[in-house]
Structure formats: C-alpha cells, structure tokens
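Enquirer: Dumping the structure here so I can ask a few things about it.
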Amino acid sequence: MSDALIVIDVQNDFCPGGALAVAGGDEIVAGINALMGDFDSVILTQDWHPAGHSSFASSHAGAAPMSVVDMPYGPQVLWPDHCIQGSHGAAFHNDLRVDGDLIIRKGFNPAIDSYSAFFENDHTTPTGLEGYLRTRGIDRLVMVGLALDFCVNYSAVDAAKLGFDVTVRRDLTRAIDFDGSLEAALKGMADAGVAVA
C-alpha cells in the first residue's frame, strides 16, 4: 500500500486573525511540517473563492454570516468573505511547508461551495483528486488541517466512500464547532469508517 498525507486548507483566513479564524488553527503547523517526511506523497488543498462567491453572506441581501440558506445542491452555511483568490487570506500559513506533490484548489466555481477535497458540495462534481491518487497507486490517506468539522470531515467521508483507507489525525486538526458541527462530524466520520486517531 502507498500512502499520502492530505493537508487541508491551512490558510491565513482559517488561522487566528483571519476572516474565518479557527481557534488554534496555527498551532498545528509545526506538527504537520514534521509529519510530511513520513509519506510517499503530500497533497495540499486550498480554498480558492472568487470575490462575490455564492457561499458568502455578503452575496445575499440581509443575510448574516453563519446563517443557513437552501441552495440548489442543499443547505449552505453563509460564511464571512474568506480565501478570496490571490488574497493574503487565501495564501497558505507562512510557516507551512508547501513543497508537496500537488495543490488542489477548491471552491472556485462561484455558484457552488466545495468543502471536500474530492467533490464540490453537490457531491457529484469531482475535483480530480481521486484520479490523481488512483494513478499514483495511493490507497491509504492521512488527513490533517482545517477545519475538522467541515473541510476535513467532508474530505475524509468522501475518501472513505470512494474506498480509500482514511485516518484523521485529531491532534493536527482544529474545529469551528458551529451549532453542534464537531459532534456531528465525529459521528459521521465514524459511521463512514474513518479512523480518528
């Protein structure tokens, strides 16, 4: 078996001081860097939204950040504007090693959000990561990064459904924990067969 480390969205806007800061988001950087040498492949994901993205509260008149609306693909949390293409907020944390094999950008379609490294939020449109892993012969994944209850969770569950052996390193993730999202994510990952170590 060949394994890959998947580093999810360790970007400035998800770290303290960012537009959608996850508490302690910067505390995991050194541990992730130290882990990279243990893997055959390292893949980083990057939230990469155009300005005015449909998942931003500012794109919906009168909507408050963290409210939920129905989109054609299902319920969507409306986020503060974050990770706008080319901005400081979208850049990887300054201390993060970015010498991996591949960077997957997601959320660039203005009409649909993309939490998962594998699919947009319609659960149908692929990012191409699955094909990359298959052609590399990689079948075992370890996931770290931000945020545990959204992008890490969605990526891990999708990977497990696709037949990958998936472990999430809880010590190298941090959660938003919005309205019970952390508890729901942990249950969903367990139900999908994801190991949370």
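Our numbering puts the first residue of the sequence shown at 14, with every later residue one more than the last.
Quick reminder that beta carbons are idealized off the backbone N, C-alpha and C, glycines included.
1) Can you tell me whether HIS255 is buried or exposed, with buried defined as 16 or more other CB within 10 angstroms of its CB?
2) Starting from THR148, follow the alpha helix (DSSP H) in both directions and report where the run begins and ends.
3) Which residue or residues does DSSP assign as beta-bridge partners of ASN97?
4) Sorted by chain position, which residues of the same chain lie with C-beta nearer than 7 Å to PHE27's C-beta, five sequence neighbours on each side aside?
5) With three or more C-beta pairs closer than 8 Å as the rule, is the stretch 61 to 74 touching the stretch 39 to 50?
6) With three or more C-beta pairs closer than 8 Å as the rule, is the stretch 50 to 57 touching the stretch 83 to 90?
7) If you compare alpha carbons, which of LEU154, SER127, ASP152, THR58 is closest to ASP112?
8) Just to confirm my understanding: we take ALA188, look at its own chain, exclude 5 residues before and 5 after, and list those with CB closer than 6 Å. What are they?
9) By the DSSP assignment, the alpha helix (DSSP H) with VAL170 in it spans what residues?
10) Per DSSP, what kind of secondary structure is GLY158 in: helix, strand or coil?
Expert: In short:
1) No statement about residue 255 is possible, as the shown extent of the chain runs from 14 to 210 and does not include it.
2) 142 to 149
3) Reading off the sequence shown, one finds Ile at residue 97, where the question assumed Asn. DSSP output for ILE97 lists HIS62 as bridge partner(s).
4) LEU33, ALA34, VAL35, GLY38, LEU159, ALA160
5) no
6) no
7) THR58
8) ALA160, LEU161, ASP162, LEU195
9) 166 to 174
10) strand
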